[in-house]
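Enquirer:
Residue numbers (our numbering): 96 to 285.
What follows is the structure, encoded as structure tokens:
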């Protein structure tokens, strides 16, 4: 069969991923036996990398690198579907930083950005790899955690998140301590 715009990836001899697009026509011998293909191939690695960057930017917060609202909705749908299938609960937590406006007003937006990036990294490291931390807006984050057969959801999770945020942060020459408020919603409720 002819091949049109067939894209595939391979790893080159240096271990780098390369993408190619090929077009080809089958070639047959004088007795009708298949000999191979004749066509063209194009290295489309730069295009694929650009597409991946665009996809990442469309679904992640530029400042923190966390999932944005768009990806959060997808992750929440997946978590609800998992809870329905497994019968294990899912917690959705809204994490709001206390005194963030004070940091922004007294130290400037650059310091506020550093604080947001630090908090995002701390929240991420306080959870399991498959849990979701997303930036909702400003100083609000959403956390989605699912119970599993191996791990139930306990108040210790909320405490761990609050403790991770409450660690002092150096902003310029000043040390700031920020706390957070966390609201928890459970699905299914009951």
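Don't be surprised by glycine CBs; every beta carbon is placed ideally from N, CA and C.
Looking at the secondary structure, which residues open and close the alpha helix (DSSP H) in which residue 254 lies?
Expert: Element bounds for residue 254: 250-261.
Enquirer: Along the alpha helix (DSSP H) that carries residue 139, what are the first and last residues, could you check?
Expert: Segment: none, residue 139 is in no alpha helix (DSSP H) and carries neither H nor E.
Enquirer: Taking the alpha-carbon of residue 107 as reference, which of 200, 140, 132 has the nearest alpha-carbon?
Expert: Measuring from the Cα of residue 107, the nearest candidate turns out to be 140.
Enquirer: Using only alpha-carbon positions, find the residue among 252, 111, 270 that is nearest to residue 278.
Expert: Closest option to residue 278, Cα to Cα, is 252.
Enquirer: Taking the alpha-carbon positions, what's the residue 170 to residue 256 distance?
Expert: Looking at the two C-alpha atoms, the distance is approximately 19 Å.
Enquirer: Roughly how many whole angstroms lie between the Cα atoms of residue 269 and residue 203?
Expert: Straight-line Cα distance between these residues: approximately 13 Å.
Enquirer: Using DSSP bridges, identify the partner residues of residue 229.
Expert: DSSP, once it has assigned bridges, lists 237 as partnering residue 229.
Enquirer: Would you call residue 234 buried or exposed, if buried means 16 or more other Cβ atoms sit within 10 Å of its Cβ?
Expert: Flag for residue 234 reads buried.
Enquirer: Pair every Cβ in the segment 232-247 with every Cβ in the segment 163-179, then say whether three or more of these pairs are closer than 8 Å.
Expert: Result yes; three or more Cβ-Cβ pairs closer than 8 Å.
Enquirer: Ignoring anything shorter than 3 residues, give me the beta strand (DSSP E) runs that lie fully in the segment 163-202, in order along the chain.
Expert: Here the runs fully enclosed are 185-192.
Enquirer: If residue 121 sits next to residue 283, beta carbons under 8 Å apart, how far is it from one beta carbon to the other, in whole angstroms?
Expert: With 8 Å as the limit, residue 121 and residue 283 do not qualify as a contact, their Cβ atoms being about 55 Å apart.
Enquirer: Quick check on the burial criterion: 16 or more other C-beta atoms within 10 angstroms. Buried or exposed for residue 135?
Expert: The residue in question, residue 135, is exposed, as its Cβ has fewer than 16 Cβ neighbours within 10 Å.
Enquirer: For my contact list, residue 159 and residue 105 are in at a C-beta cut-off of 8 Å; report their separation, rounded to the angstrom.
Expert: With 8 Å as the limit, residue 159 and residue 105 do not qualify as a contact, their Cβ atoms being about 33 Å apart.
Enquirer: Candidates 178, 146, 112: which alpha carbon is nearest residue 247's?
Expert: For the residues 178, 146, 112, the minimum Cα distance to residue 247 belongs to 178.
Enquirer: Under 8 Å between the Cβ atoms of residue 280 and residue 187?
Expert: Closer than 8 Å, so yes.
Enquirer: Let's see if you can read the secondary structure: which residues bound the beta strand (DSSP E) around residue 266?
Expert: 264-266 is the extent of the beta strand (DSSP E) around residue 266.
Enquirer: Quick one: is residue 180 buried, meaning 16 or more other Cβ sit within 10 Å of its Cβ, or exposed?
Expert: Exposed, by the Cβ-count rule.
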